[in-house]
Amino acid sequence: MGGTETDIPLLVDGKRNDGRTIDQMRPVKIEAGVLERADGSAYVELGETHAIAAVYGPKEMHPRHALIPNKGVLKVRYSMLPFSVGDRKRPGPDRRSREIAKVTREAFESVVLLDKYPRSAIEIDINIMQADAGTRVVGLTAASVALADAGIAMTDLISSCASGKIEDTVVLDLNGLEDNCGQADVPIAMTGKGEQIALMQMDGLMTKEELNQAMEYAVTGCKELHKAQVDALRRRYQ
Amino acid sequence: MSVQIIPTLAKKATRALIKSGKRSDGRAFDQMRPVKITVGDYKRAEGSATCWLGKTMVAAGIKIGVGTPYPDSPNVGVLSSNAELVPAADPQFQAGPPKEEAIELARVVDRGIRESKCIELEKLCITPGEETRMVYIDSYVMDNDGNYMDAASIAAITALHNTVIEDFGPLPITKKPIANTFIKVGSDILLDPCLEEEYVADARLTISVEENNNVCAMQKAGSGSWTKDEVLKCVDLAITRAAETRKKVEDALAAFGKEPAPAQPSAGKM
């Protein structure tokens, strides 16, 4: 966790620095099919965090030696644009983006029907255009819509948001300031029916009760996102 | 970039269409696709813009850093240009270290801006020989339907004019160099090629023009060749079209407001 000191009060009378209540998500905007060339694409805004995800496939697997004869392979690239953060990020993959790509890929492996795509690859490309905490969950939410937009067979959509802890209080969906100065951050991804956790990470300190609360908030947050994802896909194909 | 497989029939059809004096989207050979520019889209950047040329989309962001000036120009700020062809933009764009196309793009965008001397880099120096502000231009091709070169050049110059440096003020920038790209298909010359036209191009030529109609950068690409007269003809058209595009850049900047909001403080890691 950030643990950075701030003079800005993070929580006053149940209100956060951006005016939200503790269990309120930032405004969500989702649009499906935003790119021309990709097989599927989506744009997601969660407050000031913005991501564009694209999906290609099923397509021929490269390199050939990595193909799996009886099922498809998911490939995920997660990238923050150099101008998406305060201090310019050096272009190219770093350890953090590789880890995020890995856990994102594994989250989707739990819903994508890879058995339907033997010897093939499905590529997911996540680009963070603007970052204000929660980039992996916004990227994942966008990628899920992009997969559906590309017509990839899945058992369910995945929705993702984070809970966290500020001023000894569990809250839903940390913003950048809360992430930097808070006590814990718990990004979670859930299947649409809200029963299965497909991604979970945690850093900071929380009691078991707080963790339980964090997961409960995340479930409600993911449900709200799921609805927005379905709405975006309906708009796209109306 | 891996080999693009375009059916021979499709290529033949495109070439035949061009030979008959037509383009698939109905444009004249000297006509650009619709240009759309939005300004200040990415709030973590000190300046930003997005440019659409038809369906081609390029996002450009400016970041300001602090670093050491080059030893041979100790009192001059540093300008650095980077570009990426992200996989989202085109099935042919692969993840991984920048390929030569992305490097060429970054360098052509850089040349147009650098050689027009539009940025007063001397004003960005903090302590000569020791410390200067660094200007980073990052151009990201997000959707590729051909001619990302011009879209990136327009996005980058707009983003630079949108840039406000913390504790300093607006980036000291004067001119607006604009790139115009032509392709040659047989004996025909086409401005602002879309992707299917790029696939059948014999040669490409990018010409950057600044306000007083000076040419400030050029790049020939492709295995075909140009005659001197063809080049001069392209320069004439580039001057006309650059003036029109420059007006669109100015309109977009004016619509955003003369005083862009300064970049927000770092959100740090996510």
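Protein sequences, first through last, are from chains C and G.
For the first sequence, this note's numbering gives the first residue as 1, with consecutive numbering after it.
For the second sequence, this note's numbering gives the first residue as 1001, with consecutive numbering after it.
C-beta atoms are modelled at their ideal positions from N, C-alpha and C, and glycine is treated no differently.
Given the structure is predicted, the values throughout are model-derived calculations rather than measurements.
8 Å Cβ cutoff met for residue i and residue j
i, j, result
"alanine 1155(G)", "threonine 1050(G)", "yes"
"leucine 1121(G)", "leucine 1079(G)", "yes"
"tyrosine 1042(G)", "serine 97(C)", "no"
"glutamate 1197(G)", "threonine 1068(G)", "no"
"glutamate 167(C)", "leucine 11(C)", "yes"
"alanine 1271(G)", "methionine 1149(G)", "Here chain G has residues from 1001 to 1270 only, and residue 1271(G) is not among them."
"alanine 1203(G)", "glycine 1224(G)", "yes"
"asparagine 17(C)", "isoleucine 8(C)", "yes"
"alanine 1201(G)", "valine 1058(G)", "no"
"tyrosine 217(C)", "serine 163(C)", "yes"
"aspartate 1138(G)", "glycine 1054(G)", "no"
"asparagine 70(C)", "proline 27(C)", "no"
"glycine 1065(G)", "serine 1048(G)", "no"
"alanine 101(C)", "valine 137(C)", "no"
"lysine 1176(G)", "glutamate 1211(G)", "yes"
"leucine 81(C)", "tyrosine 1140(G)", "yes"
"alanine 121(C)", "glutamate 60(C)", "yes"
"alanine 150(C)", "valine 230(C)", "no"
"alanine 1217(G)", "glutamate 1115(G)", "yes"
"leucine 177(C)", "threonine 6(C)", "yes"
"phenylalanine 1182(G)", "glycine 1040(G)", "no"
Expected contact under 8 Å - CB spacing of residue i and residue j to nearest Å
i, j, result
"threonine 1158(G)", "valine 1249(G)", "5 Å"
"alanine 143(C)", "threonine 104(C)", "7 Å"
"glycine 1077(G)", "threonine 1132(G)", "5 Å"
"alanine 198(C)", "isoleucine 158(C)", "5 Å"
"glutamate 1063(G)", "glutamate 1046(G)", "The sequence as given places lysine at residue 1063(G); glutamate does not occur at that position. Confirmed, Cβ separation roughly 6 Å."
"tyrosine 1136(G)", "arginine 88(C)", "5 Å"
DSSP three-state assignment for residue i, whether helix, strand or coil
i, result
"proline 93(C)", "coil"
"alanine 42(C)", "strand"
"isoleucine 1113(G)", "helix"
"tyrosine 117(C)", "coil"
"glutamate 1210(G)", "coil"
"proline 1069(G)", "coil"
"glycine 221(C)", "helix"
"phenylalanine 1182(G)", "strand"
"methionine 1149(G)", "helix"
"glutamine 229(C)", "helix"
"glutamate 31(C)", "strand"
"cysteine 1234(G)", "helix"
"isoleucine 1239(G)", "helix"
"alanine 1263(G)", "Residue placement at alanine 1263(G) cannot be trusted, given a pLDDT of 45 that sits under 50; the coordinates are not used to answer."
"arginine 1027(G)", "coil"
"lysine 1175(G)", "coil"
"glutamate 1084(G)", "strand"
"cysteine 181(C)", "helix"
"asparagine 243(C)", "Only positions 1 to 238 of chain C appear in this structure, which leaves residue 243(C) out of reach."
"glycine 1268(G)", "Model confidence at glycine 1268(G) stands at a pLDDT of 35, short of 50, so the residue's coordinates are unreliable; what they give is reported in the following sentence. In the structure shown, glycine 1268(G) sits in coil (DSSP, three-state: anything other than H, G, I, E or B)."
"alanine 162(C)", "strand"
"glutamate 1196(G)", "helix"
"glycine 139(C)", "helix"
"glutamate 1130(G)", "coil"
"serine 1002(G)", "At serine 1002(G), the pLDDT of 49 sits below 50, so the modelled position is not reliable; the number obtained from the coordinates is stated separately. Of the three classes helix, strand and coil, the one that applies to serine 1002(G) here is coil, per DSSP."
"proline 82(C)", "helix"
"isoleucine 1137(G)", "strand"
Residue i, buried or exposed, once every other Cβ within 10 Å from all chains shown has been counted against 16
i, result
"glutamine 183(C)", "buried"
"tyrosine 237(C)", "exposed"
"alanine 1088(G)", "buried"
"arginine 37(C)", "buried"
"leucine 1232(G)", "exposed"
"alanine 42(C)", "buried"
"glycine 259(C)", "The structure shown does not extend to residue 259(C), since chain C is modelled only from 1 to 238, so the question has no answer here."
"isoleucine 1018(G)", "buried"
"aspartate 173(C)", "buried"
"aspartate 1006(G)", "Per the sequence presented here, residue 1006(G) reads as isoleucine, with aspartate not at that position. That one is exposed."
"glutamate 1166(G)", "exposed"
"alanine 133(C)", "buried"
"proline 91(C)", "buried"
"arginine 253(C)", "Past the boundaries of the shown model lies residue 253(C); chain C is included only from 1 to 238, so the question cannot be answered."
"aspartate 39(C)", "buried"
"glutamate 209(C)", "exposed"
"methionine 1001(G)", "Because the pLDDT at methionine 1001(G) is just 43, under 50, the model does not fix this residue reliably, and the point stays unresolved."
"proline 58(C)", "buried"
"asparagine 180(C)", "buried"
Residue i CB to nearest heavy atom of the ligand GDP below 7 Å
i, result
"phenylalanine 1256(G)", "You won't find the ligand GDP in this model; it holds no ligand whatsoever."
Determine, using beta-carbon pairs with one atom in the segment 1060-1079 of chain G and one in the segment 1177-1196 of chain G, whether at least three such pairs fall under 8 Å. no
When the Cβ atoms of the segment 124-136 of chain C are set against those of the segment 41-55 of chain C, are three or more pairs found closer than 8 Å? With a cut-off of 8 Å on Cβ pairs, the segment 124-136 of chain C is in contact with the segment 41-55 of chain C, counting three or more such pairs.
Just checking, does the segment 108-126 of chain C make contact with the segment 72-82 of chain C on the three C-beta pairs under 8 Å criterion? Yes, they touch.
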